[in-house]
Structure formats: structure tokens, C-alpha cells
Amino acid sequence: MKKFVYLIFAGLLFFSSSILHALEVIEILGGKASQIPIAVMPFKNFGAQNNIAKINSVIKSDLGRSGLFYALDTRGVTTTPNSDKEINFSLWKTLEAQFLIIGRVDFIQEEKMKVSWSLIDIYKQQTILSGEYVGKKNQIRAIGHKVSDKVYERLTGSKGVFHTKIAFVEKYNHQKYKLNIADYDGYNVISLLDSKMPIISPRWSPDGEKIAYVSFEKEKPVIYIQEIATGKRKLLANFKGNNSAPAWSPDGKRLAIVLTYSTNSQIYLINADGSDVTRLIRSRSITTEPTWSPDGDEIYYTSNQGGGPQIYKFNLESSEISRVTFEGKYNLYPSLSYDGKLLLYLTQDQGKFKVALQNLQSNQVLKLTKGPLDEAPVFSPNGHMVLFVYKDYGKTTKIGTVSINGLKIESLPLGSRQVQEPAWGPIKE
Amino acid sequence: MGSNKRISKNKLKGNKLKKSILLTALLGILAAGCSSTDLKESQPLNPPQPELQSMLSDDNEGTAFTSPDLNLLELRGNPLLAKDKRGIYFDFNKYVVKQEYMEVVQAHAKYLNESPAANMKIQGNTDYRGSHEYNLSLGQKRAVAVKEALNSFGVDDSQIETISYGKEYANLDCVEQNSCGEDRRAEVVYIVE
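Chains as they are written, first to last, in numbering that gives the first Met the number 0: chain A, 0 to 428; chain B, 0 to 192.
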């Protein structure tokens with residue numbers, strides 16, 4: 000029990016964005032001690048012809064990916080309890096499980112099933128959360144993600160992101176491009192757009208209904224906004240020169256964009272309907288990659304005004320500009336956590352390109368990945384995970400997730416696709 | 000790019016012109032828009048534009064386009080303007096036109112000044128490392144740096160268009176192959192040549 004209290008305490012400290020603590024956690028890399036050990040038993044199958052075993056592997060994989068849980072190997076456990084009354088608690092204590100998930104799947108009719116599940120606290124020796132979902136056979140992964148979300152929220156106090164969507168660009172046949180969306184874990188890929196010219200910078204609208212992106216289809220970069228459900232799209236910005244780097248304001252009414260006209264990249268604001276374009280920052284240097292603080296008061300961006308690219312912020316009310324990154328000579332691609340306390344970016348460190356995480360209060364920096372050719376890090380909507388692109392020497396680009404405590408780094412199962420620039424969609428109820 | 004080859008196979012007559020036609024065909028494809036649509040109505044590659052067609056079917060020094068204002072003989076004859084000298088290369092994260100390229104830049108400036116009908120595109124590129132957007136801006140800076148060098152020799156902005164492809168056409172394996180320098184370039188292309 001004492002150990003568990005310590006872990007939750009550690010978790011709270013970490014989520015209050017203490018990088019100092021994160022550094023301590025990092026030091027026990029590979030150690031399971033800082034993660035919550037949980038056992039996820041195979042769900043019992045009543046009347047199903049189909050293999051529904053994967054529901055527990057979905058949950059295991061979700062919780063594991065977060066970096067906060069350690070999914071125990073339960074292959075040696077031969078009897079699966081039906082409820083907390085049947086549990087041999089001393090066995091689970093021996094296995095060092097602190098929590099246990101059990102469940103069953105009942106087939107109602109041919110296509111429909113009911114999934115019942117319970118989360119059991121081994122120390123309290125009781126069920127602390129349970130639920131039931133009814134769905135179709137092909138929704139088994141979605142139901143698994145829902146269970147993971149409930150468990151995650153109950154045990155960490157933060158919303159889970161396991162039912163969210165991501166978007167990413169896929170390059171195929173050398174010079175063809177697709178804009179895809181998928182489940183957060185890379186399953187169920189759907190293409191929204193197919194183009195013979197590059198697509199970059201996909202960004203979800205805050206309501207998750209639309210994606211803004213940059214397409215080179217007009218011989219140069221222009222910005223589109225596309226509705227996901229209908230596939231309808233409209234041109235947001237097609238001004239002289241380059242139009243790129245769309246960033247939605249938190250209320251979804253405006254976007255920060257980058258236009259060059261006939262000179263260099265400058266940040267402008269534009270309404271989501273394409274009206275009212277105003278320049279935000281006047282500079283002789285490159286200013287690009289705008290991203291809004293969650294309160295909408297500031298815009299973080301990349302500028303090379305000091306030589307190499309660094310991240311700065313612009314206060315919309317005072318127009319004051321201040322530099323945010325100081326460590327290293329090459330820092331770009333800012334992404335903020337939902338609470339505005341943590342900043343992610345790409346940094347060049349001893350010739351390698353790595354994902355950096357900076358606490359904006361203490362300004363301590365933690366390198367989350369090792370490189371050599373990482374890029375495009377973005378936060379999950381709960382700020383606990385990061386999507387990023389990585390490339391090993393001689394290989395193609397892949398998308399991976401890394402937990403912000405650095406304990407879990409994993410690739411998405413996207414096969415041999417050449418992928419770039421993931422964007423993480425919002426949590427939708 | 001496979002699509003270039005397709006066009007050149009169908010239309011190409013003289014080997015001498017092959018290289019220039021390939022480049023021109025590339026431009027034509029870019030110009031053709033390659034518009035994206037919804038997946039269901041994926042469109043075929045647009046046919047080359049009329050200018051390109053007549054250019055391609057014309058293997059005798061492009062007489063259709065030889066007007067005094069274009070000075071095509073000079074463009075094709077001056078070794079400083081040759082296609083293999085059209086790349087201006089930069090250091091990592093830099094956009095200063097190095098002194099060694101000034102002779103070539105000056106030759107292009109002279110040609111543009113003497114050929115008021117000639118139009119040039121400067122395409123900025125970067126190597127694969129870093130982010131797409133920053134590299135798009137960096138490529139733009141490189142294109143603008145070349146434009147400004149041309150401006151300094153008296154060329155008017157109306158003859159030059161600057162565009163950036165950023166890292167979109169960069170070699171993903173340049174670090175392994177130690178060839179990233181090849182991607183850090185601004186390329187000079189004439190709209191008609």
C-alpha cells in the first residue's frame with residue numbers, strides 16, 4: 000500500500016509538470032518501479048465464434064503506451080476469476096499486481112455483443128470501477144480503448160486519450176501523398192486526400208471536425224480546411240508566395256498562418272472563413288511554425304532572428320516578444336501541452352535531432368528521444384504522451400509514441416508506410 | 000519522376016534536347032497543377048500545356064520561341080548559363096549566396112537584363128533534417144537570396160518568381176550517404192527555354 004501511495008504521489012508530482020521529478024523518474028529507465036503494475040486478464044468468451052481475446056491486448060497496449068502502467072505477464076495464471084469474490088488476492092500480491100482488470104464478452108445476437116469489465120484494487124481487495132458496453136463485433140478495439148480510458152482516468156486522475164484520432168501524411172510511390180487519419184495507436188487508417196504534390200502541416204480544429212493542411216497542388220503551398228465527415232474542403236489562404244503553417248486558435252475561430260508574399264515567412268492571423276488577414280509580427284528573419292497557448296493569449300513560434308532557429312513567444316495583448324528556448328543552437332517545431340506548462344520541440348544535440356521537453360516554469364529541458372533523425376513532436380491532448388517521427392539510418396520514416404516520463408517508447412504499427420508529421424486530434428466525449 | 004519519362008518517351012525526337020525537355024516537362028507538370036481531389040475522384044495527370052506540346056514537337060532549336068526578347072541562342076550557348084550550373088548551393092541552415100556563385104549569378108542577370116521577355120523561377124530547397132515548415136521558410140530565404148543577388152545586378156523583380164519546396168524533394172538518406180549538401184540549393188529555371 001505504501002508503495003502504491005508513493006507511486007500515485009510521484010504521478011501527481013509529475014503531472015504537475017515537475018521536470019525535476021521527471022528527471023528522477025528517467026534515471027530508473029527500464030525499471031518498473033515507477034510504473035503502476037496492472038494485470039489485464041483475457042476476457043471470458045460466452046457464445047462467441049470470433050476471437051475476442053484481443054480486447055485485453057488492446058487494453059494492455061493502451062495502458063503500457065502511456066508509460067504510467069506496467070502490464071504484467073499473466074500467461075502463468077491459469078484460472079481467470081469472474082468477480083472480486085473469486086480472486087486469490089495473495090496470488091496477485093505475489094505477482095506484484097496492484098490492480099487487475101477482468102471482463103467477459105456475451106454475444107447478444109449475431110452482430111452484437113456486450114462487454115462487461117471490472118477494475119479491482121488488489122490491496123483494497125475490492126472492485127473500484129466496472130462497466131458495460133454494447134457494440135458490434137468490429138467495434139472490439141473501440142470498446143477496448145473505452146475501457147482503457149475509464150481505467151486511466153480512475154487511476155491517474157487524467158482523461159485517457161485511447162479513443163482519440165491522429166492524422167498524418169503518407170508518402171507513397173516516391174512522389175504521391177495521402178492525408179490519413181487513424182486511431183491513436185495507428186489502427187483503422189482512412190485516407191482523406193490523395194495528391195501528386197506534397198502535403199504538410201495537418202492540424203486538427205479544436206472540435207475535431209476539420210483538418211487544416213498545406214498542399215503544394217497549386218505549384219506552391221496553399222492552405223485548405225477540410226471537413227472530415229463530408230470530405231468537403233475550402234481554400235483558406237492562397238495569397239502571393241507561400242501559404243503555410245496553419246495553427247487553430249483554441250476557440251477555433253481564427254488561425255495563425257505563415258505567408259511570404261514576395262519576401263520571407265511572416266506570421267499572420269486569419270479568420271477561419273478566410274476573412275480579415277492581419278500581420279502579427281514584422282521581421283526580417285524567418286518566423287514560422289506558430290502555435291497558440293491554450294489560453295489563447297500567446298503565440299509560440301520559431302524564428303532565426305538570433306542566427307539558428309529558436310522558439311519565441313508573442314503576447315497578443317502587449318505585442319511583447321520573448322525568447323523561450325536557450326539550450327542548444329537549433330530548436331524548432333513548438334508544441335504546447337494542454338495546460339500550457341510544458342513545451343515540446345525538436346532540438347539538434349551533438350549532430351542528432353531529438354525530441355526535447357521543456358518545463359516552462361523552471362525552463363529545465365529533458366531530451367525524450369535519442370535521435371538520430373527525429374522530428375515533428377506533438378502532445379497528446381492530455382499531455383502525457385508524444386507522437387513523433389523517427390528515422391533510423393538507412394530506413395524510412397516512422398511514427399512513434401513516447402511517454403513524457405520517457406519510460407515507454409513505441410512505434411505505431413503502420414507497416415512500411417513512409418509517414419510524416421503526425422497531428423493528434425482532441426478528446427471527444 | 001516516372002511521369003517525366005512517360006512524356007519524354009512519347010514526344011522526344013532528338014537526344015540533344017533530352018535534358019532540357021525533361022526539365023521543361025517537369026515544369027509543365029508542376030504548372031499543370033496536379034490538383035488533389037477527394038479520393039473517389041482521383042484525377043489523371045493533366046496533359047502538358049499547349050506551349051509545352053509545341054516545344055516538345057519542335058527539335059530544331061525551338062524556333063517557335065526564338066524571339067529577340069528571349070535570346071534563346073544566348074541562353075543555350077553561354078556556358079555560364081548551362082543547366083549543370085543552375086544549382087546554387089548553401090551551407091546547413093544558411094542562405095548566404097557564396098562568392099563562388101557570383102559569376103554565374105551575374106551571367107544570369109546579364110541575360111535577364113538583355114532579354115526582357117525572359118522569366119525565371121528560383122526554387123529553394125533544403126536537406127531532409129529539421130521540420131517541414133522551417134525548411135520551407137529556409138528554402139524561401141535561399142530563393143530570395145538568389146533573387147536579391149540578381150537584383151543587385153539590376154534585374155527587375157517582375158522577371159523573377161521565387162518559390163520554395165523546402166525539404167519536400169530532399170533525399171531522406173542524405174545523412175547516411177553523406178550527400179545532404181546536394182539538397183541545400185536554389186535552382187534557377189526559365190519558364191521558356
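Note that beta-carbon positions come from the ideal geometry of N, C-alpha and C, so glycine has one too. Because the structure is a prediction, the values reported are computed rather than measured.
Starting from ILE54/A, trace the beta strand (DSSP E) in both directions and tell me its first and last residue. On the first sequence, residue 54/A is found 55 positions in, with the first residue counted as 1. No beta strand (DSSP E) holds ILE54/A; the alpha helix (DSSP H) holding it covers 53 to 64.
Do ILE210/A and LEU235/A have their CB atoms nearer than 8 Å? As a first step, residue 210/A must be located in the first sequence, where it is residue number 211. As a first step, residue 235/A must be located in the first sequence, where it is residue number 236. Cβ atoms of ILE210/A and LEU235/A: not closer than 8 Å.
Any beta carbon from chain B within less than 8 Å of ILE269/A's own beta carbon? Numbered from 1 along the first sequence, position 270 holds the residue referred to as residue 269/A. For ILE269/A, not one C-beta of chain B is nearer than 8 Å to its own C-beta.
So, are the CB atoms of LEU343/A and LEU359/A less than 8 Å apart? Here residue 343/A is taken as the residue at index 344 of the first sequence, counted from 1. Here residue 359/A is taken as the residue at index 360 of the first sequence, counted from 1. Not a contact, by the Cβ cut-off of 8 Å.
Pick helix, strand or coil for SER128/B, following the three-state DSSP scheme. Residue numbering aside, residue 128/B sits at position 129 when the second sequence is read from its first letter. Before going on, a small fix: residue 128/B reads as Arg here, not Ser. Looking at ARG128/B - three-state DSSP - the assignment turns out to be coil, as it is neither helix nor strand.
Starting from the Cα of GLU430/A, find the closest Cα among TYR332/A, GLY339/A, VAL354/A and ILE280/A and give me that residue. Since the displayed chain A opens at 0 and closes at 428, residue 430/A lies outside it and no answer follows.
Does the beta carbon of THR301/A come closer than 8 Å to any beta carbon on chain B? Residue 301/A sits at position 302 when you count from the first residue of the first sequence. Cβ-Cβ to chain B under 8 Å: yes for THR301/A.
Which same chain residues, not among the five before or five after GLY123/B, have their C-beta less than 6 Å away from its C-beta? Mapped onto the second sequence, residue 123/B falls at position 124. The answer, listed in chain order, is GLY138, GLN139, ARG141, ALA142, SER163 and ALA185.
Reducing DSSP to helix, strand and coil, say where PRO201/A ends up. As a working mapping, residue 201/A is identified with position 202 in the first sequence. Reduced to three states, the DSSP call for PRO201/A is strand.
Assign LEU72/B to one of three DSSP states: helix, strand, or coil. What you label residue 72/B is simply residue 73 of the second sequence in a count that begins at 1. DSSP places LEU72/B in helix when its eight states are reduced to three.
Taking CB distances under 8 Å as the criterion, tell me whether PRO201/A reaches chain B. Walking along the first sequence from the start, residue 201/A turns up at place 202. No, its Cβ sits nowhere closer than 8 Å to a Cβ of chain B.
Beta-carbon contacts of LEU411/A that lie in its chain and below 6 Å, excluding the five residues immediately before and after: Taking the first residue of the first sequence as 1, we reach residue 411/A at position 412. Here the set comprises GLY185 and ILE398.
Provide the residue(s) that pair with VAL103/B in DSSP beta bridges, ordered along the chain. Translated into the one-based positions of the second sequence, residue 103/B becomes position 104. Answer by DSSP bridge pairing: none, since VAL103/B is not bridged.
Same chain, Cβ closer than 7 Å to PRO293/A, neighbours up to 5 away in sequence not counted: Your numbering for residue 293/A matches position 294 in the first sequence. Closer than 7 Å at the Cβ level, and outside the excluded window around PRO293/A, lie PRO249, LEU335, TYR337, ASP338 and GLY339.
Contact between the region 274 to 290 of chain A and the region 211 to 230 of chain A: three or more CB pairs below 8 Å? no
Starting from PHE352/A, find everything on chain B with Cβ-Cβ shorter than 8 Å and list it in chain order. To locate residue 352/A, count along the first sequence from 1; it is residue 353. Those are ARG128 and GLY129, listed as they occur along chain B.
Kindly list, in the order they appear in chain B, the residues whose Cβ is closer than 7 Å to that of ALA244/A. Looking up residue 244/A in the first sequence gives position 245. GLU132, listed in chain order.
State the Cα-Cα distance for the pair VAL133/A and ILE107/A, rounded to the nearest angstrom. Reading the first sequence from its first residue, position 134 is the one you call residue 133/A. Reading the first sequence from its first residue, position 108 is the one you call residue 107/A. So the two alpha carbons sit approximately 9 Å from each other.
Cβ closer than 9 Å: which chain D residues qualify as neighbours of GLU316/A? Absent from the structure is chain D; the protein chains it does hold are A and B.
In chain order, what residues of the same chain lie with their CB nearer than 6 Å to the CB of GLY370/A, ignoring the 5 residues before and after it? As a first step, residue 370/A must be located in the first sequence, where it is residue number 371. If we look at GLY370/A and ignore the five residues flanking it on each side, its Cβ neighbours are LYS351, PHE352 and LYS353.
Where does THR262/A sit, in a helix, a strand or coil, going by DSSP? Counting from 1 along the first sequence, the entry for residue 262/A is found at position 263. It is coil, neither helix nor strand.
Per DSSP, what kind of secondary structure is LYS135/A in: helix, strand or coil? Locating residue 135/A in the first sequence gives position 136, counting from the first residue. Reduced to three states, the DSSP call for LYS135/A is strand.
For PHE69/A, which of GLU326/A, THR77/A and SER60/A has the nearest alpha-carbon? Against the first sequence, residue 69/A aligns to sequence position 70. Before going on, a small fix: residue 69/A reads as Tyr here, not Phe. Ranking GLU326/A, THR77/A and SER60/A by Cα distance to TYR69/A puts SER60/A first.
How far does the alpha helix (DSSP H) with VAL174/B in it extend, from its first residue to its last? Stepping through the second sequence from its first residue, residue 174/B is reached at position 175. 173 to 176 is the extent of the alpha helix (DSSP H) around VAL174/B.
Grab the span of the alpha helix (DSSP H) containing THR93/A for me, first residue to last. Looking up residue 93/A in the first sequence gives position 94. Its alpha helix (DSSP H) spans residues 88 to 93.
LYS166/B versus GLN417/A - alpha carbon distance: Residue 166/B sits at position 167 when you count from the first residue of the second sequence. Residue 417/A sits at position 418 when you count from the first residue of the first sequence. Going from the Cα of LYS166/B to the Cα of GLN417/A covers about 15 Å.
With a threshold of 8 Å between beta carbons, is ILE107/A in contact with chain B? Counted from its first residue, the first sequence places residue 107/A at position 108. By this cut-off, ILE107/A is not an interface position.
From ARG283/A, SER321/A, ASN303/A and ASP272/A, pick the residue whose C-alpha is nearest to that of GLU297/A; which is it? What you label residue 297/A is simply residue 298 of the first sequence in a count that begins at 1. Nearest C-alpha to GLU297/A: SER321/A.
Just curious, the alpha helix (DSSP H) that GLU181/B is in, first and last residue? Residue mapping note: residue 181/B aligns to position 182 of the second sequence, counting from 1. Unbroken alpha helix (DSSP H) run through GLU181/B: 179 to 182.
Can you look up ASP391/A in the DSSP assignment and give me helix, strand or coil? As a first step, residue 391/A is located in the first sequence; it is residue number 392 there, counting from the start. The answer is coil: DSSP assigns ASP391/A none of H, G, I, E or B.
Whose Cβ in chain A lies nearer than 9 Å to the Cβ of LEU149/B? As a position in the second sequence, residue 149/B is number 150, starting the count at 1. Residues of chain A passing the Cβ test: none, with the nearest at roughly 13 Å.
What is the rounded straight-line gap between the Cα of VAL385/A and the Cα of TYR127/B? Here residue 385/A refers to the residue found at position 386 of the first sequence. Here residue 127/B refers to the residue found at position 128 of the second sequence. Going from the Cα of VAL385/A to the Cα of TYR127/B covers about 22 Å.
LYS84/A in three-state terms, based on DSSP: Working through the first sequence from its first residue, we reach residue 84/A at position 85. DSSP places LYS84/A in helix when its eight states are reduced to three.
So if I threshold CB-CB distances at 8 Å, which residues from the region 374 to 403 of chain A count as touching chain B? GLU374, ALA375, LYS390, TYR392, GLY393, THR395 and THR396
Would you tell me roughly how many angstroms separate the C-alpha atoms of SER114/B and GLU132/B, rounded to the nearest one? If you number the second sequence from 1, residue 114/B lands on position 115. If you number the second sequence from 1, residue 132/B lands on position 133. Taking the straight line from one Cα to the other gives about 35 Å.
Among THR290/A, PHE161/A and TYR151/A, which one has its Cα closest to the Cα of HIS144/A? Along the first sequence, one-based indexing puts residue 144/A at 145. That would be PHE161/A, whose Cα lies nearest to the Cα of HIS144/A.
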